[in-house]
Every structure is written in C-alpha cells, then in structure tokens.
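Data first, discussion second: the structure below is written as structure tokens.
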Amino acid sequence: MNTEPPTGDDLQRMLVGMKQTVLDRAEERRPASRRHGRRAGIVIGVIALLSLGATGGGVALGMIPQPFSGSPAAISTPDPTEPVSPSTPAAAPVENAPVPVPTPTPTKAPFALDDPSTWTISGSEVGPVALGGTTEAESDDLEQAFQLLPATPSSCTAPGTWARDGSPTLLIAAENDRVTGVLIGAEGDSARTTTTGPTTAAGIGVGSSSDTLRAAYPSLHERVSTPDNSWSRWDVQLPDGLVSFQLGKGGASVDSIWVSPDQNLPTAVCDL
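Quick note on numbering: UniProt numbering labels position 272 of the sequence shown as 272, and the sequence is numbered without any gaps.
Here it is in structure tokens:
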C-alpha cells in the first residue's frame, strides 16, 4: 500500500473529485427555502477550502491524517568516563633509626721497652725479642723490664729465664746462640685470671679465658692434653708463625704461650 501523499496531477484530480462530491451531496440534501441561505454559505466555504487546497496541497492535506515519519530523536550518548587514577597514599614519615654505637675495643698503649703490657706476641716475635736473632742481642733489651734469674739446680730455673713482679715470666730458648723460641709464663708461675703481660694482636695473653681464646681464633685446634685434664695445648697458625696456648687445670684460662716453629716446649730443669 502506497502511503506517500499525492502530488502534481494526482493531487489536482483528487481535489476536483472531492469538490464535485461535495456539490452533489449538497444538492441532494438541500432543505427547505428558509435554510437555503445558511446551507449555501456552508457549501461555499467548503468549496473555497478545496480551492485553497488546489493551490497549496500542503494545507489541504494537512487536514487529512497522514502517516508521519519524522527524523529520529537524537540519542544523547554519555561522555565516556575518564578512569580515575588511584590515589597514591601519602608516604609514611621516615623515622631516623638510631645509629648503633660500636663497642669501643681496648687499644694497646704504644710500645715501650719498660712496659711488657705494650708488647705484641706474633708468630716470630715477642716484644723486642725476635726469633732467629742472636741470644745476646735479643735479650739485652729485656733488662729494662725484666731481671735475669740465675740458673741453679736447686731452684729448677732454666737458663734464659727473666722475671718481673706482676707479669708472667719469660724464657728465651736458644740453640747455637740463636733464639729458637720464647715461652711466656714459665712453669712455676702462679695461675692468672687477668692479662698483665704481652698479648697477641687479638688481645690474648696469659690469663685470658679459654672462651675468649676460641672466639679470637676459631681455627684453634688441640695439640695434646693430659688424661686428668690438668693441662692441654692448643695451636694456631698465624701469618708469620706457629703459636701454642697452654690451658691450665679444667681448661679455664691460658697458663702459658709458646712462640716457636718447634712444637716441643723447653724441658724443665727439674725434669732432666
């Protein structure tokens, strides 16, 4: 079915047909003469309206219901929502952690010939005494801090023994007039629990505890011990030579220190 409104000649023919139909129906329904004037006016008005439609079909057809197809209403499209950036949480205030204060390490006083506590024990020296030097040249410096004890059979004192009040005894071992070793804390010395004489670079000397000794030298290994645990020897290889530590009864503290490449300690005079 064509729903388009007529135009051109089709519109003119439709209007003429409608005009004729109105005139015919008006003639057929003509009433008595008293109403002639009013009906004639109505007919004239209709004809005039149809004539107007002939010149402007848009006006005439506007009175006839027609299907209307208007342009679709614009659909508003919402603007795309911009993604919301996640908010960055405020950084927590930085608290300044207290700087740990290192525990001060006791430092040895500068070397002094008359103070054995300033002497250092290494694998080749004990204070001013160096292994391999002549006995006389290496021993004469000891006179400022120690006293040479006379070697007598009655006192079981070995040659080359030097003593000082408040410090471990020193024994200079020699062979062919050369120093072969130094023993700090000769047999017969009183047991000590404090260090008053020469010490190693790690602070170990006669009187140091066995725990301190093992902490200073983790590579320490046992050389020999007695069945009754009356004493034991522990060796450590330092960069310049071997050092042996003898622990007293129960292994609580260091009784003596032997510095020599020879692992055998000097034989006591009374044992000869």
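Every residue gets a Cβ at the ideal spot worked out from N, C-alpha and C, and that includes glycine.
Boundaries (first-last residue) of the alpha helix (DSSP H) holding Thr212: As a working note, residue 212 is residue 212 in the sequence shown. Note, Thr212: alpha helix (DSSP H), Ser210 to Ala216.
Proximity below 8 Å, CB of Leu171 to CB of Ala158: Position 171 of the sequence shown, counting from 1, holds the residue named residue 171. Position 158 of the sequence shown, counting from 1, holds the residue named residue 158. Cβ distance < 8 Å, so Leu171 and Ala158 count as in contact.
CB contact flag (Asn229, Gly250, <8 Å): Translated into the one-based positions of the sequence shown, residue 229 becomes position 229. Translated into the one-based positions of the sequence shown, residue 250 becomes position 250. Yes; because the gap between Cβ atoms is below 8 Å, this pair is in contact.
Neighbourhood of Arg13 by C-beta, 6 Å cutoff - its chain only, sequence neighbours within 5 removed: Translated into positions along the sequence shown, residue 13 becomes position 13. Here the set comprises nothing.
Buried or exposed by the 16-neighbour rule on C-beta atoms within 10 Å, applied to Ser154: Locating residue 154 in the sequence shown gives position 154, counting from the first residue. Label assigned to Ser154: exposed.
Outcome for Gln246 when other beta-carbon atoms lying within 10 angstroms are tallied against a minimum of 16: Here residue 246 is taken as the residue at index 246 of the sequence shown, counted from 1. Buried, by the Cβ-count rule.
Beta-ladder partner(s) of Arg164, from DSSP: Counting from one through the sequence shown, the residue named residue 164 turns up at place 164. DSSP lists Ser167 as partners of Arg164.
Alpha-carbon to alpha-carbon, Val259 and Trp231: For the purposes of this step, residue 231 is taken as the residue at position 231 of the sequence shown. For the purposes of this step, residue 259 is taken as the residue at position 259 of the sequence shown. Here the alpha carbons of Val259 and Trp231 stand approximately 18 Å from one another.
Rounded C-alpha distance that separates Glu138 from Gly132: As a first step, residue 138 is located in the sequence shown; it is residue number 138 there, counting from the start. As a first step, residue 132 is located in the sequence shown; it is residue number 132 there, counting from the start. C-alpha separation (whole angstroms): 9 Å.
The region 198–207 touching the region 218–227, judged by at least three CB pairs closer than 8 Å: no
Cutoff 6 Å; reference Thr200; Cβ partners in own chain excluding five residues on either side: Locating residue 200 in the sequence shown gives position 200, where the first residue counts as 1. Counting only Cβ-Cβ distances below 6 Å, and skipping sequence neighbours, we find Ile121.
8 Å Cβ cutoff met for Gln144 and Trp162: Along the sequence shown, one-based indexing puts residue 144 at 144. Along the sequence shown, one-based indexing puts residue 162 at 162. Taking 8 Å as the Cβ cut-off, Gln144 and Trp162 do not qualify as a contacting pair.
Short Cβ contact (8 Å threshold) for residue 275 with Asp140: There is no way to answer for residue 275, as the model of the chain reaches only from 1 to 272.
Counterpart residues of Arg178 in DSSP-defined beta bridges: On the sequence shown, residue 178 is found 178 positions in, with the first residue counted as 1. Paired residues: Thr134 and Glu175.
For Asp140, three-class secondary structure by DSSP: Taking the first residue of the sequence shown as 1, we reach residue 140 at position 140. Of the three classes helix, strand and coil, the one that applies to Asp140 here is helix, per DSSP.
Range of the contiguous beta strand (DSSP E) that encloses Val259: Locating residue 259 in the sequence shown gives position 259, counting from the first residue. It spans Val254 to Val259 - the beta strand (DSSP E) in which Val259 sits, taken as one unbroken run.
Short Cβ contact (8 Å threshold) for Val236 with Val182: Taking the sequence shown and counting its residues from 1, one reaches residue 236 at position 236. Taking the sequence shown and counting its residues from 1, one reaches residue 182 at position 182. No, these two residues do not count as a Cβ contact at 8 Å.
Nearest residue (CA-CA) to Thr134, options Ala174, Glu125 and Lys108: Residue mapping note: residue 134 aligns to position 134 of the sequence shown, counting from 1. Closest by alpha carbon: Ala174.
Residue(s) in a DSSP beta bridge with Gly205: Within the sequence shown, residue 205 is the residue found at index 205, counting from 1. BP columns for Gly205 point to Thr199.
For Ser244, the residue or residues it bridges with in DSSP: Along the sequence shown, read from residue 1 onward, the residue named residue 244 stands at position 244. Answer by DSSP bridge pairing, in chain order: Asp235 and Trp258.
Between the CA atoms of Thr180 and Asp262 - distance to the nearest angstrom: If you number the sequence shown from 1, residue 262 lands on position 262. If you number the sequence shown from 1, residue 180 lands on position 180. Approximately 8 Å between the Cα atoms of the pair.
Ser167 to Ser256 span [Cα, whole Å]: Within the sequence shown, the letter at position 167 stands for residue 167. Within the sequence shown, the letter at position 256 stands for residue 256. Cα to Cα, Ser167 sits roughly 12 Å from Ser256.
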